[in-house]
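For reference, the structure discussed in these notes is given below.
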Amino acid sequence: MKSFIVSDLCKKKPTIRLVLATVALGIGQDAPSISRVIHCRPPTSLEAYMQEIGRARRKGQSS
1 MKSFIVSDLC KKKPTIRLVL ATVALGIGQD APSISRVIHC RPPTSLEAYM
51 QEIGRARRKG QSS
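In full-length UniProt numbering, the protein residues as written are 1 to 63.
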């Protein structure tokens, strides 16, 4: 299931619209379709925060 979700999110036009996941899902993935990251509690460090928000839009695009 994880591989399906990750491969779909990496598409330009994914069919999946919402994913509730732990930080482990996004590690090492570049998914350009992700535009929002919502935290349910504060990350454990500034580095963790930067990693998590990095999932949302890159290359100067707004998130």
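Note that the Cβ used here is the ideal one computed from N, Cα and C, for glycine as well.
Cβ-based burial, residue i [other Cβ within 10 Å; buried from 16]
| i | result |
| --- | --- |
| ILE34 | buried |
| LEU46 | exposed |
| LEU9 | buried |
| ALA24 | exposed |
| LYS21 | The residue you asked about is not Lys; residue 21 is Ala in the sequence shown. ALA21 should be labelled exposed. |
| ALA31 | buried |
Residue interval of the alpha helix (DSSP H) (run including residue i)
| i | result |
| --- | --- |
| LYS11 | First-last for LYS11: undefined, no H or E at that position. |
| MET50 | 46-53 |
Heavy atom of the ligand HEM within 7 Å of residue i beta-carbon
| i | result |
| --- | --- |
| LYS12 | The ligand HEM is absent from the structure shown, which contains no ligands of any kind. |
Whole-angstrom C-beta distance between residue j and residue i, which should lie under 8 Å
| i | j | result |
| --- | --- | --- |
| VAL19 | ILE38 | In fact, because the Cβ distance is near 11 Å, the residues do not count as touching under 8 Å. |
| GLU52 | PRO43 | 6 Å |
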